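Written out below as structure tokens is the structure these notes cover.
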Amino acid sequence: MQQLENLFERQEYHLLANAVNRIVRLLVSDSYRYRSTAARLRGVDDVISASHGSDERQVNRAEQHYFEVLIVDNLSPREERDLRRGLLECIDPDDKFYYDVVVVPSFEDALIAVLFNHNIQSCVIRYSFPFKSKYSLDILQQYISVVKEIETDGIDADLGPALGEAIKKLRPELDLYLVLDSAVEDIALRVYKNFRRVFYRQENLEMHLSLRRGITERYEAPFFAALKAYSQRPTGVFHAMPISRGNSIFKSHWIQDIGQFYGHNIFLAETSATTGGLDSLLQPTGPLKKAQEMASRAFGSQHTFFVTNGTSTANKIVTQALLQPGDIVLIDRDCHKSHHYGMVLSGAYPVYLDSYPVEKYSMYGAVPLREIKQRLLELKRAGRLNKVKMLLLTNCTF
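Printed below as a string of structure tokens:
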């Protein structure tokens with residue numbers, strides 16, 4: 119922005135218009151994601167000049183993945199450029215993951231950035247930034263309501279940890295790093311839950327390696343990787359003969375078009391073999407177990423279990439796991455039939471809740487809180503409140 123403002127102040131309107139036009143095209147087409155690190159280091163000068171346009175396509179779109187790193191610190195324009203250059207110069211052209219740096223100067227600006235910029239996957243919180251933004255955020259205040267829950271008096275010294283806690287509430291998937299200008303021992307034990315790593319000062323290469331390691335671990339897909347490896351194994355087929363890893367299709371005189379439509383991989387990855395190699399849903403110990411643990415972290419749950427039979431079977435699994443005969447379930451009357459089946463199988467009793475009508479759109483909305491409280495009070499008067507084990511609500515647009 120500073121470079122664009124300089125063009126405006128120097129009244130170089132033609133160059134300014136060209137720069138804005140190219141920036142808009144980069145944003146709309148997503149081409150900004152595929153610019154080389156050298157082009158990023160040249161900044162707006164590269165955008166103004168078309169002579170380096172070939173740099174924008176030097177990145178391998180299929181094999182290399184782009185993300186952005188948010189750095190929170192109140193820096194001068196020169197300090198910001200030096201910090202950005204120091205990190206970007208650590209990126210190897212062959213790295214699987216590459217990034218650009220976004221710098222914001224305050225607590226509030228950081229919250230706005232993580233809420234509205236989905237490219238941000240890592241955040242480095244440094245040690246000298248104010249709480250309030252210098253920009254007018256009236257329109258955006260409703261989106262950073264989490265700030266209201268933070269006691270701002272007396273936290274100037276602990277703005278970094280407080281910001282980390284706020285970001286974890288908004289975007290729990292982000293990798294957070296804290297940089298301190300004092301000894302880390304005093305604060306590391308207090309903030310270890312929110313931050314992946316705490317640094318004393320900052321060494322660019324060490325920070326770059328930490329950023330890369332964090333995004334690499336989150337990118338892992340254990341079961342998909344195992345499935346790809348399985349599909350490349352030579353396997354003797356003595357079962358599922360109609361499929362035969364695609365041989366019956368690709369050698370057919372009549373249905374080779376099916377093979378052309380789906381491709382080889384879907385048949386090579388056919389997993390009905392009893393010979394093992396892809397773990398067990400009933401007792402996972404390998405890639406499925408690791409995949410479920412990583413999914414649990416992504417969802418913020420204590421445990422996550424995979425189901426291959428679809429949502430209906432998943433609903434029945436959940437109800438049968440949590441209910442026993444005689445339990446009572448408060449359930450939306452407009453629920454899916456699989457919920458009824460689950461209660462029949464578990465022996466539980468439904469108490470139906472009525473949604474409010476949205477007559478303008480000929481549909482029903484959600485179940486009002488008043489309706490839920492009323493049913494609970496009725497059950498309390500009947501002496502059966504202790505039997506209520508589940509509240510089951512369905513999204514009104516399901």
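If you count by the working numbering, then the sequence shown holds residues 119 to 516, one letter each, in order.
Ideal placement from N, C-alpha and C gives every residue a C-beta, glycine not left out.
Everything numeric in this text was worked out from a predicted model, so none of it was measured.
Note that the segment 182-198 touches the segment 209-222; at least 3 beta-carbon pairs, one per stretch, sit closer than 8 Å. Following the DSSP letters along the chain, one finds S240 inside the beta strand (DSSP E) bounded by residues 238-243. In the DSSP annotation of this structure, the continuous segment of the alpha helix (DSSP H) that includes M461 starts and ends at 455-464. At a Cβ-Cβ threshold of 8 Å, L205 and N322 count as neighbours. Our two residues, A135 and F126, have alpha carbons roughly 10 Å apart in a direct line. When rounded, the separation of the alpha-carbon atoms in P340 and A409 is 5 Å.
Taken through DSSP and simplified to helix, strand or coil, K507 comes out as strand.
Non-local C-beta neighbours of Y245 in its own chain, meaning closer than 7 Å and more than five positions away in sequence, comprise G278, V297, L298, D299, ordered along the chain.
For Y261, same chain residues with a beta-carbon under 6 Å away, outside a window of 5 residues either side, are L233 in chain order. Residues of the same chain with a CB within less than 7 Å of the CB of K250, apart from the 5 flanking positions on each side, are S224, E226 in chain order. In this structure, the straight-line span from the alpha carbon of G501 to that of E489 is close to 19 Å.
Assigned with DSSP and collapsed to three states, V425 falls in coil, not helix or strand. A check of alpha carbon separations from G460 across I373, A432, R158 identifies A432 as the nearest. According to the DSSP secondary-structure assignment, I189 is paired through a beta bridge with V221, V242.
Collapsing the DSSP output to three states places R153 in coil. About 6 Å separates the Cβ atoms of V469 and R493, confirming a contact at the 8 Å cut-off.
DSSP places D375 in the uninterrupted alpha helix (DSSP H) bounded by 374-380. Between I209 and C241, the gap from beta carbon to beta carbon reaches 8 Å or more. K434 counts as buried, since at least 16 other C-beta atoms from the protein chains shown sit within 10 angstroms of its C-beta. In this structure, DSSP gives H132 a helical state, which the three-state scheme calls helix. With a 10 Å radius around the Cβ and a threshold of 16 neighbouring Cβ atoms, D200 comes out exposed. Residue N235 holds the alpha-carbon nearest to the alpha-carbon of E186 among S480, N235, I384. Cα atoms of S456 and F313: separation of roughly 41 Å, rounded to the nearest angstrom. CA-to-CA, the gap between G364 and G377 works out to about 7 Å. In terms of Cβ geometry, K498 and G444 do not form a close pair [threshold 8 Å].
The beta-carbon separation of S473 and C514, rounded to 6 Å, stays under the 8 Å limit for a contact. DSSP places Y318 in the uninterrupted beta strand (DSSP E) bounded by 315-318. Of the candidates L288, Q320, D293, A344, D293 places its Cα closest to the Cα of R330. Boundaries of the beta strand (DSSP E) harbouring I449: 446-450, taken from the DSSP string. Pairing I333 with R319, the inter-Cα distance amounts to about 22 Å.
Here DSSP, grouped into helix, strand and coil, assigns H326 to helix. DSSP places M481 within a strand segment (E or B) once states are collapsed to three. Closest option to V462, judged by alpha-carbon separation, among E477, P486, T437, C453: T437.
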